[in-house]
Amino acid sequence: MSTRESPDTGAQDEEDPRRVRSRNRLLDAAASLLNSGGIEAVTIDAVTGLSKVARTTLYRHFTSSTHLIAATFERLLPQVTAPAPTSGTLRERLIELLTRQAALLTEAPLHLTTLAWVALGPTALPEKTTETTEHNPSTTLRTRVIDQYRQPFDAILHSTDAHEQLGNLDIDLAICQLVGPLVFARLTGLSTLTQQHCTHIVDNFLTTHTAQMPQIQ
1 MSTRESPDTG
11 AQDEEDPRRV
21 RSRNRLLDAA
31 ASLLNSGGIE
41 AVTIDAVTGL
51 SKVARTTLYR
61 HFTSSTHLIA
71 ATFERLLPQV
81 TAPAPTSGTL
91 RERLIELLTR
101 QAALLTEAPL
111 HLTTLAWVAL
121 GPTALPEKTT
131 ETTEHNPSTT
141 LRTRVIDQYR
151 QPFDAILHST
161 DAHEQLGNLD
171 IDLAICQLVG
181 PLVFARLTGL
191 STLTQQHCTH
201 IVDNFLTTHT
211 AQMPQIQ
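In structure tokens, the structure reads:
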């Protein structure tokens, strides 16, 4: 079975203005298709047609359609993770952060699309590759998305007052308990969660974990 060679990423090629221009045109086309038609619209034929870049040139940059989509998401997502709230009680900081995350999912649909795509664990389309897990662009994107979502929660849940009030938390599970309802509500369209909903989620979370703390005699 034939496989595509990995793109040449040598320093000389990366500095070639023609290579940079063709890659940017491909990503611009993929981003336009993604925004207008969703992931299904980002096909090799559609991207090469819109960008006016040859298919062979596309494969010098990207090993597969999966690689191309992952690179497009990487380009569109914000490069900086918003810091966690630093003032207020533990409850107030969690409510502020959760409300911010709810607004992000509502106002920036790209984040929801990225989460859904990453969660599916996409594999290459007909253009199959032999890229290793370590160099798999969708794995890199998944790592970045996870880091962006968990960093502000890590900062709060690893804080001194969180440890004093909640003890030794399973941080991964705690983040799922807090963010999970937001993502589920948006994916299913059951509800648009407000600050009041976020307050309810945080209060339930704190009540549950506070109740599990050992009582000092």
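Residue 203 in full-length UniProt numbering is what sits at position 203 of the sequence shown, and the numbering runs on without skipping anything.
Using N, Cα and C, we set each Cβ at its ideal position, and we do this for glycine too.
Beyond the five residues adjoining it in sequence on each side, Ala185 comes within less than 6 Å, by CB distance, of Ser191, Leu193 in the same chain, given in chain order. Of Ser51, Pro83, Leu98, the smallest CA-CA separation from Ala155 is found for Pro83. For Val20, the secondary structure class from DSSP, reduced to helix, strand or coil, is helix.
Tyr149 and Lys52 have their alpha carbons spaced roughly 36 Å apart.
With respect to the 8 Å criterion, Ala71 and Cys198 are not classified as neighbours on the basis of their beta carbons.
Per DSSP, the continuous alpha helix (DSSP H) segment holding Phe73 begins and ends at 65–76.
In the three-state DSSP reduction, Phe205 falls in the helix class (H, G or I). Between Pro85 and Leu98, the beta carbon gap of about 10 Å keeps them out of contact (Cβ cut-off 8 Å). Per DSSP, Val179 is one residue of the alpha helix (DSSP H) stretching across 171–188. Excluding its 5 nearest sequence neighbours in each direction, Ile39 has C-beta neighbours in its own chain below 8 Å: Ile69, Thr113, Trp117, listed in chain order.
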